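A short write-up of the structure that comes next.
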Amino acid sequence: MNTSGPEVSKLDTQTKGDLAELRIASAIRRQGHTILVPFTESEQYDLAVDTGDRFIRVQVKYAKLQDNGTVKVSCLGTNSSKTGNNTTFYTEDQIDGIACFCGDLERSFWVPFDEMNRYTFTLSEDGKHQFDAYSIESI
């Protein structure tokens, strides 16, 4: 159990998103990459990674541990407007993948765009998409 702050499940959505962005950026920076942040909120990606050879557009998500021990990563975008919430599907022209932080596990993961499906991507300790194979270090 994490004793350094409030219980993750009690944090609001915005705080969880902020936490995910900070943890992902920190993990990527520790690998020696430069982090770039868009000037506006209108881009589909939250940050870009400069690897020295190329830029990787990253959508950041917060994911929670499910009761069955899996981590489900949303592959959808949601934004609020005056008419309500709008759901969008990411395209390869918008992002290169999704990085997610699971506060329950204190782990970050990277799912490249070509492995995402339309709605969710499920990670597990064992099975088809194992935690270690999608570690943030693979970005």
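Take 2 as the starting number for the sequence shown in the working numbering and just add one per residue.
Even for Gly, the Cβ is constructed at its ideal location relative to N, Cα and C.
The model shown is predicted, which means the values in this text are computed figures rather than measured ones.
Exercise. Using the Cα positions of Tyr120 and Asp54, report the straight-line distance between them to the nearest angstrom.
Key: 30 Å
Quiz item: Between His130 and chain B, is there a C-beta pair that is closer than 7 Å?
Solution: As a matter of chain content, chain B is missing from the structure shown, which is built from one protein chain.
Exercise. Please work out which residues of its chain come closer than 6 Å, Cβ to Cβ, to Cys101, disregarding the five sequence neighbours upstream and downstream, and give them in chain order.
Key: Around Cys101: Lys62, Ala64, Val74, Phe110.
Self-check item: Alpha carbon of Leu106 to alpha carbon of Gln32, nearest angstrom
Solution: 20 Å
Self-check item: Bridge partners - Leu20, DSSP secondary structure assignment
Solution: Looking at the DSSP assignment, Leu20 forms no beta bridge with any residue, so it has no partner.
Quiz item: In chain order, which continuous runs of the beta strand (DSSP E) of length 3 or greater are located wholly inside the region 68 to 117?
Solution: Annotation note: the region 68 to 117 contains the following uninterrupted beta strand (DSSP E) runs of length 3 or greater, listed N- to C-terminal: 72 to 75, 77 to 82, 85 to 90, 98 to 103, 108 to 113.
Quiz item: When the distance is taken between beta carbons, is Glu93 closer than 7 Å to Phe114?
Solution: yes
Practice problem: Alpha carbon to alpha carbon, how far is Glu126 from Leu77? Give it in angstroms, no decimals. | Solution: When rounded, the separation of the alpha-carbon atoms in Leu77 and Glu126 is 23 Å.
Practice problem: Give, in chain order, every unbroken run of the beta strand (DSSP E) that is at least 3 residues long and sits entirely within the region 21 to 52. | Solution: 35 to 37, 48 to 51
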